[in-house]
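Asker: Start counting the sequence shown at 451; every next residue gets the next number (the working numbering).
For every residue, glycine included, the Cβ atom is placed at its ideal position computed from N, Cα and C.
Below you'll find the structure I mean.
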Amino acid sequence: MFGSAARAAQASVLDGRDNDDVWKSARVIDQFLEYEPNTGAVPRFRTEVRVLYDDTYPYILGRMHDPRPTASSRCTRVAISVPKANSSS
């Protein structure tokens, strides 16, 4: 099942945490399947993604429940901001 983005009532605080009230309106997307090494298999560990948007930005929050992530996949509290395209160009 695919998820959908919810419109944010206000901008999210970009701190990588999910305790901001704006995330309460975002649907949890958690029906993922493995790509490698077992294509199509149910993953051993749960992954949750939430997607919001407003007039300026999309907001994506991901939570990966791997109890022992490798150093190359470890990532905590990353916030990415994409500037709005100039519509006059």
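Thr-520 lies in the beta strand (DSSP E); which residues open and close that run?
Answerer: Locating residue 520 in the sequence shown gives position 70, counting from the first residue. Unbroken run through Thr-520: none, as it is neither H nor E.
Asker: Which residue from Arg-518, Glu-498 and Ala-459 puts its Cα closest to that of Leu-483?
Answerer: As a working note, residue 483 is residue 33 in the sequence shown. Considering only alpha carbons, the answer is Glu-498.
Asker: For Ser-462, I'd like the list of residues in its chain whose CB is within less than 6 angstroms of its CB, leaving aside the five on either flank, ordered along the chain.
Answerer: Within the sequence shown, numbered from 1, the residue matching residue 462 stands at position 12. Excluding sequence neighbours, Ser-462 sits near Asp-470, Val-472 and Tyr-509.
Asker: Alpha carbon to alpha carbon, how far is Ser-475 from Leu-464?
Answerer: By 1-based counting over the sequence shown, the position of residue 475 is 25. By 1-based counting over the sequence shown, the position of residue 464 is 14. The alpha-carbon atoms of Ser-475 and Leu-464 are separated by roughly 16 angstroms.
Asker: Quick check on DSSP: helix, strand or coil for Val-499?
Answerer: Numbered from 1 along the sequence shown, position 49 holds the residue referred to as residue 499. The answer is strand: DSSP assigns Val-499 an E or B state.
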